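Per the working numbering, the very first residue in the sequence shown carries number 1; after that it's consecutive. Glycine included, C-beta positions come from ideal geometry on N, C-alpha and C. Note that the structure is a prediction, hence the values are computed from the model and not measured. Structure record follows, encoded as C-alpha cells.
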Amino acid sequence: MRFLVRISTVLTLLLLSLLTACSSPPKVVQAPSKAAADATLRMAQNLEQKHRLLDSRQTYQSALGQYRSFADLRGELYCLAGLARVAYMQGDMAEYDRHYEALKYLDTRADQAGFYVRLLLDIFRMQKEQRYDEIQALAKDSYDYPLPIRIQILTHRLQADSYLEPGLDSSSFADLERLSKSYRRQIKKDFTADSSVLTSALYAMGYHLFVKSDYYGARGYIDEVVRLDALYEDYPALGYAHWLRARIHEGNKDHRQATTDYICARKIFTHFENSEMLARTDAALRRLEGERP
1 MRFLVRISTV
11 LTLLLLSLLT
21 ACSSPPKVVQ
31 APSKAAADAT
41 LRMAQNLEQK
51 HRLLDSRQTY
61 QSALGQYRSF
71 ADLRGELYCL
81 AGLARVAYMQ
91 GDMAEYDRHY
101 EALKYLDTRA
111 DQAGFYVRLL
121 LDIFRMQKEQ
131 RYDEIQALAK
141 DSYDYPLPIR
151 IQILTHRLQA
161 DSYLEPGLDS
171 SSFADLERLS
181 KSYRRQIKKD
191 FTADSSVLTS
201 ALYAMGYHLF
211 VKSDYYGARG
221 YIDEVVRLDA
231 LYEDYPALGY
241 AHWLRARIHE
251 GNKDHRQATT
261 DYICARKIFT
271 HFENSEMLAR
281 TDAALRRLEG
291 ERP
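Structure (C-alpha cells):
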C-alpha cells in the first residue's frame with residue numbers, strides 16, 4: 001500500500017512538473033495590441049472585399065485608432081488607404097480627398113510602405129476611371145517591394161496592357177505568372193495572406209489570354225479563379241469570374257455553358273446592385289437567345 005502511495009506521489013510530482021513546464025508563458029514575438037490591430041485591419045479588408053462598405057469603414061476606423069495608440073505609421077497608412085477606397089466606392093469624394101491628404105502627409109514620414117501604399121491607391125482610382133494609359137506609365141515593378149505589392153502592381157499593368165493593346169504579348173505576363181506561383185505556395189502556409197491578390201492576378205492573366213483568343217489557356221486560369229473566389233467567399237469578384245468564363249465559352253461556341261455562367265454572373269451582379277455589369281450580362285443573354293437555333 002505504501003509502495004502504491006509512493007508511486008502515486010512520484011507520478012503526481014512528475015505531472016505537476018510537466019504542467020509547470022507546459023504552463024510557462026510563451027515567448028512573446030509580437031505585442032498583443034499590434035496583433036489585435038493587424039487582425040482588425042484584416043477584417044476591414046475582408047469586409048471591403050465583400051462590398052460590405054459600411055461595416056468595412058467602421059472596422060478600418062477601429063484599426064486606425066488602434067495603430068495610432070502606439071504610433072504604427074505603416075498600419076495607419078494601410079487604414080487610410082482602405083478608408084479612401086471605401087469612400088470612393090461610396091461616391092464620397094470629399095471623404096476620399098480627406099483620407100488621401102492624410103495618407104500623403106504620412107507617406108514621406110513613414111518607411112518605404114508610404115510610397116507603395118499611395119501608389120496602389122492612385123492605381124486603384126485610375127483603374128476605376130479606366131485611365132489605362134496612366135496605369136501603364138505608373139505601374140512599375142520593383143524588387144524592393146514585398147511580394148503581394150509586386151503582384152498587385154503587375155496585375156494592374158497587365159490589365160492595362162490587355163485593354164490598350166489587345167492581342168499583343170505583354171512583358172508583365174511572365175513575371176506575374178512566376179510571382180503568382182510563389183504567392184500560391186504562401187497562401188497554403190499563411191492563413192492571413194490575402195487571397196484576392198492571387199485571384200486578381202489569375203483573372204488578369206486569364207483575360208490577357210482571352211483577348212489573344214487563347215480560350216483554352218484562359219479557361220484554365222478562370223476556372224481556378226471561380227474555385228478560389230467561391231472558397232474564400234469573394235462573391236462580388238466571383239460574378240466577374242463567371243462573366244469572363246461565359247465570354248470564353250462564347251469564344252469556343254459553347255453557348256449552353258456560356259448561358260449557365262452568364263446566369264450565375266447575373267444573380268451575383270443583381271445581389272450586389274452592380275448595374276453596369278448587370279446591363280452587360282443581360283445584353284449577352286439576349287444575344288445568345290437570338291443566336292439559338
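Exposed or buried, which one is residue i when buried takes at least 16 other CB atoms within 10 Å?
{"i": "Asp133", "result": "exposed"}
{"i": "Leu168", "result": "exposed"}
{"i": "Gly82", "result": "buried"}
{"i": "His271", "result": "exposed"}
{"i": "Leu164", "result": "exposed"}
{"i": "Tyr216", "result": "exposed"}
{"i": "Asp282", "result": "exposed"}
{"i": "Glu233", "result": "exposed"}
{"i": "Ser195", "result": "buried"}
{"i": "Ile263", "result": "exposed"}
{"i": "Arg266", "result": "buried"}
{"i": "Gly65", "result": "exposed"}
{"i": "Met93", "result": "exposed"}
{"i": "Arg256", "result": "exposed"}
{"i": "Ala137", "result": "exposed"}
{"i": "Ala39", "result": "exposed"}
{"i": "Gly114", "result": "buried"}
With DSSP as the reference, label residue i as helix, strand or coil.
{"i": "His156", "result": "helix"}
{"i": "Ala218", "result": "helix"}
{"i": "Ala37", "result": "helix"}
{"i": "Phe70", "result": "coil"}
{"i": "Lys188", "result": "helix"}
{"i": "Asn46", "result": "helix"}
{"i": "Phe115", "result": "helix"}
{"i": "Lys253", "result": "coil"}
{"i": "Ser275", "result": "helix"}
{"i": "Tyr232", "result": "coil"}
{"i": "Ser295", "result": "A question about residue 295 goes unanswered here, because the residues of the chain that appear run from 1 up to 293."}
{"i": "Gln61", "result": "helix"}
{"i": "Arg227", "result": "helix"}
{"i": "Arg52", "result": "coil"}
{"i": "Glu129", "result": "coil"}
{"i": "Glu165", "result": "coil"}
Which first and last residues belong to the alpha helix (DSSP H) in which residue i is found?
{"i": "Tyr145", "result": "That residue, Tyr145, is in no alpha helix (DSSP H); it is neither H nor E in DSSP."}
{"i": "Asp97", "result": "Met93 to Asp107"}
{"i": "Ala31", "result": "Careful: Ala31 lies outside any alpha helix (DSSP H) and carries neither H nor E."}
{"i": "Lys198", "result": "Residue 198 is actually Leu in this sequence, not Lys. Unbroken alpha helix (DSSP H) run through Leu198: Ser195 to Val211."}
{"i": "Ala137", "result": "Tyr132 to Leu138"}
Out of curiosity, what's the CA-to-CA distance linking residue i and residue j?
{"i": "Asn274", "j": "Pro32", "result": "39 Å"}
{"i": "Ala230", "j": "Leu238", "result": "7 Å"}
{"i": "Thr155", "j": "His99", "result": "25 Å"}
{"i": "His249", "j": "Ala218", "result": "10 Å"}
{"i": "Ile187", "j": "Arg280", "result": "33 Å"}
{"i": "Ile153", "j": "Asp144", "result": "13 Å"}
{"i": "Asp190", "j": "Pro148", "result": "13 Å"}
{"i": "Asp97", "j": "Asp254", "result": "46 Å"}
{"i": "Gln61", "j": "Ala284", "result": "40 Å"}
{"i": "Phe70", "j": "Ser162", "result": "43 Å"}
{"i": "Val117", "j": "Glu289", "result": "45 Å"}
{"i": "Arg109", "j": "Arg286", "result": "54 Å"}
{"i": "Ala241", "j": "His208", "result": "14 Å"}
{"i": "Met43", "j": "Ser171", "result": "34 Å"}
{"i": "Met205", "j": "Tyr235", "result": "20 Å"}
{"i": "Tyr203", "j": "Thr59", "result": "28 Å"}
{"i": "Asn46", "j": "Ala87", "result": "16 Å"}
{"i": "Ala174", "j": "Lys212", "result": "15 Å"}
{"i": "Gln49", "j": "Ala139", "result": "22 Å"}
{"i": "Asp55", "j": "Arg68", "result": "20 Å"}
{"i": "Glu177", "j": "Tyr105", "result": "35 Å"}
{"i": "Ser182", "j": "Gly220", "result": "18 Å"}
{"i": "Glu95", "j": "Asn252", "result": "45 Å"}
{"i": "Ala35", "j": "Phe210", "result": "42 Å"}
{"i": "Ile222", "j": "Asp261", "result": "12 Å"}
{"i": "Glu224", "j": "Arg185", "result": "15 Å"}
Can you round the beta-carbon distance between residue i and residue j to whole angstroms, since I take them to be within the 8 Å contact cut?
{"i": "Ile151", "j": "Ala193", "result": "Not confirmed; about 11 Å, so no contact."}
{"i": "Thr199", "j": "Leu244", "result": "Actually they are not in contact, since the Cβ atoms of Thr199 and Leu244 sit about 12 Å apart, beyond 8 Å."}
{"i": "Leu103", "j": "Leu120", "result": "Actually they are not in contact, since the Cβ atoms of Leu103 and Leu120 sit about 11 Å apart, beyond 8 Å."}
{"i": "Ala37", "j": "Ala63", "result": "6 Å"}
{"i": "Leu53", "j": "Gln90", "result": "6 Å"}
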